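Okay, so here's the structure we're looking at.
Residue numbers (our numbering): 33 to 534.
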């Protein structure tokens, strides 16, 4: 009996890999998925090191904190008073990229480049700068993104954009049913975003990365060598679209089985006639809501029989008796309560996935980034509505809340979407673990990389082929024109000769 056990321990030890997980963005929603992967890999016997703003919840992982005195990893994004268009979003993203500078200057972080790892897992959001670290380590790497892939990410890995029927993830007011105007806006917007990222963001990243890691190949070229791209989406919550084998959907990876609520919350919800949960997530400070909007929302809530749980970070005075506020609620567990009748949020990917998981009808108030695309899905699926924050008033909010609460079709559609979301061969976490170890087993899995990654824009879109065809068509047309002209000229000449003879 001892011999087989010894052999088993040798097998387990020999399959253990050294894995570095880098999560350089300060938002918790960007951290929870990669951290779950790190924790699970550790439990499977791998040696895992995590560099992030939030610690893993296991002692088996080596943790390198990225917190810096100049950064705040708590709620840090105030609610914008004016609407954000795509250009505004790009500008905000450009400003937010400053969060990466203290991270890359961290001496302990830079020291990682001299360590030996079998695999790197990198949370990839707004910057290519950490491709410098990946290059220095020299191991296969997997990219992870917490929501719908952004245009520069799809462009990097040659995922088809499908501009004619898939709205890019920063689009505003464009759903899956596009006329000429929507396709025009989608096409132009997507290509502008990719161009800005390539010619502004990425070039800044190149300078920053070389400042800290020394001379490097083009960062975009390094990124194209990613073995795999994990995206926290699921096709049940988006337009059906083609993906290359290297992009794997792990939508809902952050969702754990619900935990019991504390006694006060459980009693409150159990005894209610229904409950509403209102939260703007982990990266937006709900208490920065403008007073006029807050008063309008509060007036509507005061008229309802349902209990309202509202995530609010500051003191809240003069609340109606049915409104309960807190700096933090166990959102996932609350949405799982059977009395939950409505979720109101900003259409962040994680919160919306939790609502879909529990089949809770939803009202979205999107502010920026992929939230608008998520809101379009919500509306088209029939499981909820979305409201324009800038135009939000008491009457429209009241109408939307009553419509979703009283019309049973919203719950019916939420159940339908939830069934599709949950119906898959393995859990999101098991999917991520399988493909992570697949990359380890197959030495980076180069066979999964699309050859399209290495084509230029001209080659990928066959611009040269189309130009050659147009040139051939022009030459043929020109030849036919000249031939016809000569033939007509000959006929006219013969006619004149015949007339002279007669």
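Where is the CB? At the ideal position from N, CA and C, for every residue including glycine. Since this is a predicted model, take the numbers as computed values, not measurements.
Practice item. Would you identify the three-state DSSP class for residue 372, choosing helix, strand or coil? Key: strand
Exercise for review: For residue 14, count neighbouring C-beta atoms within 10 Å of its own C-beta (all shown protein chains included) and say buried if the count is 16 or more, exposed if not.
Suggested key: Examination of residue 14 is not possible in this model, given that the chain is present from 33 through 534 alone.
Review point. Does DSSP put residue 278 in a helix, in a strand, or in coil?
Key: coil
Point to revise | Through-space distance from residue 309 to residue 409, alpha-carbon basis | key: 20 angstroms
**Study point:** Separation of residue 500 from residue 61, as counted between CA atoms
**Key:** 48 angstroms
Review point. Just checking, does the segment 453-463 make contact with the segment 280-296 on the three C-beta pairs under 8 angstroms criterion?
Key: yes
Review point. Does at least one heavy atom of the ligand MN sit under 6 angstroms from the Cβ of residue 393?
Key: The ligand MN is absent from the structure shown, which contains no ligands of any kind.
Review point. Nearest to residue 331 by alpha carbon, out of 351, 320 and 161?
Key: 351
Exercise for review: Report the rounded CA-to-CA distance for residue 349 versus residue 373, giving the unit in angstroms.
Suggested key: 25 angstroms
Point to revise | Separation of residue 470 from residue 357, as counted between CA atoms | key: 45 angstroms
Point to revise | For residue 292, three-class secondary structure by DSSP | key: coil
**Study point:** Backbone secondary structure at residue 77 - three-state DSSP
**Key:** coil
Practice item. Write down the C-beta distance between residue 51 and residue 156 rounded to the nearest angstrom, noting that I regard them as a contact closer than 8 angstroms. Key: Rounded, the Cβ-Cβ distance is 16 angstroms, inconsistent with contact.
Practice item. Pick out the complete alpha helix (DSSP H) segments inside the segment 394-428, 4 residues or longer, and give them in chain order. Key: 403-413
Practice item. Would you tell me roughly how many angstroms separate the C-alpha atoms of residue 233 and residue 334, rounded to the nearest one? Key: 47 angstroms
Check your understanding: Is residue 529 helix, strand or coil when you go by DSSP?
Key -> helix
**Study point:** residue 387 and residue 375 closer than 7 angstroms at C-beta
**Key:** yes
Check your understanding: Hey, quick one: how far does the beta strand (DSSP E) through residue 360 stretch, first residue to last?
Key -> Note, residue 360: premise wrong, no beta strand (DSSP E); not H, not E.
Practice item. Starting from residue 177, follow its DSSP beta bridges and name the residues at the other end. Key: 263
Review point. In whole angstroms, what is the alpha-carbon distance linking residue 245 and residue 254?
Key: 14 angstroms
Check your understanding: Looking at residue 131 and residue 152, is the spacing between their C-beta atoms short of 7 angstroms?
Key -> no
Exercise for review: In angstroms with no decimal places, state the Cα-to-Cα distance between residue 179 and residue 202.
Suggested key: 12 angstroms
Check your understanding: Is the segment 188-196 touching the segment 269-281, taking contact as three or more C-beta pairs under 8 angstroms?
Key -> yes
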